[in-house]
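Residue numbers (full-length UniProt numbering), protein chains in the order written: chain A, 1 to 203; chain B, 1 to 392. All C-beta atoms in this analysis are idealised placements derived from N, C-alpha and C, irrespective of residue type, glycine included. As the structure is a computational prediction, the values presented were derived from the model and not from experiment. Working notes, structure below.
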């Protein structure tokens, strides 16, 4: 009973906030609706007993990715009216993409319900006493180690690539060398003199 | 407590619901009181370090000063700036306050004394603390004012940067204790050496630098001095809360200090043994665990106040350099070090290599179990751990 209520609550909230994400006029509001959608997706994950995935969803998407979205949207001050002006031009492409995605979902669902493909076991049974995290860890770091490491490598390459592509060396910037500042002593920086009255000193 | 209600003939679901509500109240109401007293303590410590008297007018020794302040803001008028985004402007303090409270659900106050004993406790803490930044960003943006906006941008960058280092520090603690559950982490700190009866990862030379880094990162994460650039009064008026007044301001205030107490509790739980006494000596266990936890939290709060009173504020680029160029590489390296040490000493020693199998190798459609010997002797898990019920 409570599961059904919770499921419908989360599911409806995901769909509603997803729809509001793409219809809201203010870009900041759009990002906030997106965050709400992430949240409710995490709630759905908790309902199916995948609490580790739910927490990862909140940490990675809500805690890091969406913060950066919000950051960028606030800083850039995106003018959505200008973006909307090109709506008619791209409507055909958008429609085609939507139809393609819908068709893919239908095909995937049909294939799954037909049960034709047995690529893998449907459900991964978990032993009693082994928590989700331990089970995921055991599988990821033993059986799927190379796939996992490969995914990590792809992310690393993407990160380094982004830095290399956007980094530019600007000349004439005075950086702070902390070690040099700390190593500097008063006797290196100052000089005590006793000038004769009326003569001044040479610098 | 659920058992108490079911013993009166209550349905299990309702008993659970009622006991959870009572648990929330039992945690949240004293927490609010603690926030009031801790603000008073903060001001007193700060004043003592500056050779002042601090609050001493309202009540004996000025003990009621926080309540007087609370009453004052409660009676003030809530002012919403005309150009502000009203919904988000009012939502922001609520988010800050709520997020500061929800983390307390997984904090263990004693053996088994925890509202939600979930096995992803530490991840929950990390997730909830990464939400704290939203209250500040939204406050800064929706105020539609320059200084709050600068403050929001600073807060976003600062909290995201330090969360990375905190994540690595937590990973090394998790590796050592072998669990994400906060109670298990505390229990793993009991008598960490057979030859030296001490409780707490702080006494472990490999984890000691992590404890120091976690303390500094928790200062940055709660935006306390010397990392309080989001509300640097000399440059940004009051930062993100400049435009706030009355109860919405008070909610920020309460949330901020609730977060500080939470970080003190996390420092105590993750590295100082939580509700365990500092030494593994039987008479010390006669003192209730909650007292040890509170003593450690107060100690850490004193450190927080001490730092606030004595350390000058960082410059923003120094803050970023500390986070990204010092803490991130050092904590990453330390994760390697800790995991390497554990690989060397602990992994694969519970049972012989011939007893180790992969966790799951279900072979065919007839559900026959096929045990497969791992390639490396330390891979997989012990056979007796996995196959308790599934062996055909």
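Spanning the alpha carbons of residue 205 of chain B and residue 150 of chain A requires a straight line of approximately 34 Å. Residue state for residue 196 of chain A is assigned as coil, using DSSP reduced to three classes. Boundaries of the alpha helix (DSSP H) around residue 29 of chain A: 27–47. The Cβ-Cβ distance between residue 71 of chain A and residue 132 of chain A does not fall below 9 Å. In the assembly as shown, residue 154 of chain B is a buried residue. Its beta-carbon has 16 or more other beta-carbons within 10 Å. Judged by their CB atoms, residue 159 of chain B and residue 223 of chain B are nearer to each other than the 9 Å cut-off. Listed along chain B, no residue sits closer than 8 Å to residue 150 of chain A by beta-carbon distance, the nearest being about 18 Å off.
The contact set of residue 71 of chain A on chain B, defined by CB atoms closer than 8 Å, consists of 137, 153, 156 and 157 in chain order. Distance check between residue 335 of chain B and each of B:144, B:252 and B:173 places B:173 closest, using alpha-carbon atoms only.
Here the C-alpha atom of residue 192 of chain B lies approximately 29 Å from the C-alpha atom of residue 129 of chain B. Counting the other Cβ atoms within 10 Å of the Cβ of residue 323 of chain B gives 16 or more, which makes it buried. Per the C-alpha coordinates, the member of B:40, B:11, B:248 and B:245 positioned closest to residue 56 of chain B is B:40. For residue 1 of chain A, no alpha helix (DSSP H) encloses it, and the DSSP letter there is neither H nor E. In this structure, DSSP gives residue 70 of chain B a helical state, which the three-state scheme calls helix. Put simply, the CB of residue 162 of chain B is far from chain A, with every gap to its CB atoms at 9 Å or more. Counting other Cβ atoms within 10 Å of its Cβ, residue 113 of chain A stays below 16 and is therefore classed as exposed. Sequence-ordered contacts of the region 40–74 of chain A with chain B read 51, 52, 55, 58, 59, 62, 63, 64, 67, 70, 71 and 74 [C-beta pairs closer than 7 Å]. Interface flag for residue 321 of chain B against chain A is set, since a Cβ pair is found closer than 9 Å. Counting the other CB atoms within 10 Å of its CB gives residue 243 of chain B a total of 16 or more, which places it among the buried residues. For the region 113–125 of chain B, the set of positions with a beta-carbon nearer than 8 Å to some beta-carbon of chain A reads 118, 119, 120, 123 and 124 in chain order.
Listed by position along chain A, the residues whose Cβ is nearer than 7 Å to that of residue 92 of chain B form an empty set, because the closest Cβ is around 11 Å away. Within the same chain, and ignoring the five residues on either side of residue 76 of chain A in sequence, no residue has its Cβ closer than 8 Å to its Cβ.
Using a Cβ-Cβ cut-off of 9 Å, residue 131 of chain A counts as an interface residue toward chain B, since at least one Cβ of chain B sits closer than that to its own. Chain B places a beta carbon closer than 9 Å to that of residue 176 of chain A, counting this residue as a contact. Between the region 304–318 of chain B and the region 226–235 of chain B there are three or more C-beta pairs closer than 8 Å, enough to call the two in contact. Sixteen is the threshold: since fewer than 16 other Cβ atoms of the shown chains lie within 10 Å of the Cβ of residue 159 of chain A, the residue is exposed. Of the residues B:52, B:178, B:195 and B:202, the one whose Cα lies closest to the Cα of residue 266 of chain B is B:202. When secondary structure is reduced to three states using DSSP, residue 112 of chain B falls in the coil class, being assigned neither helix nor strand. Approximately 12 Å separates the beta-carbon atoms of residue 126 of chain B and residue 99 of chain B; this is outside 8 Å, ruling out the contact.
Counted as a single uninterrupted DSSP element, the alpha helix (DSSP H) harbouring residue 97 of chain B occupies residues 86–102. Under the 8 Å Cβ criterion, the region 83–95 of chain B counts as touching the region 141–151 of chain B, having at least three qualifying pairs. Residue environment analysis places residue 87 of chain A among the exposed positions, since fewer than 16 neighbouring C-beta atoms fall within 10 angstroms of its C-beta.
Close partners of residue 2 of chain A in chain B (Cβ separation under 8 Å): 13. Restricting attention to B:308, B:178, B:258 and B:217, the CA atom closest to the CA of residue 232 of chain B is found in B:308.
Comparing C-alpha distances from residue 32 of chain A to each of A:8, A:181, A:65 and A:9 shows the shortest one belongs to A:65. The residues 217, in chain order, have a CB closer than 6 Å to that of residue 166 of chain B in the same chain once the five nearest residues on each side in sequence are set aside.
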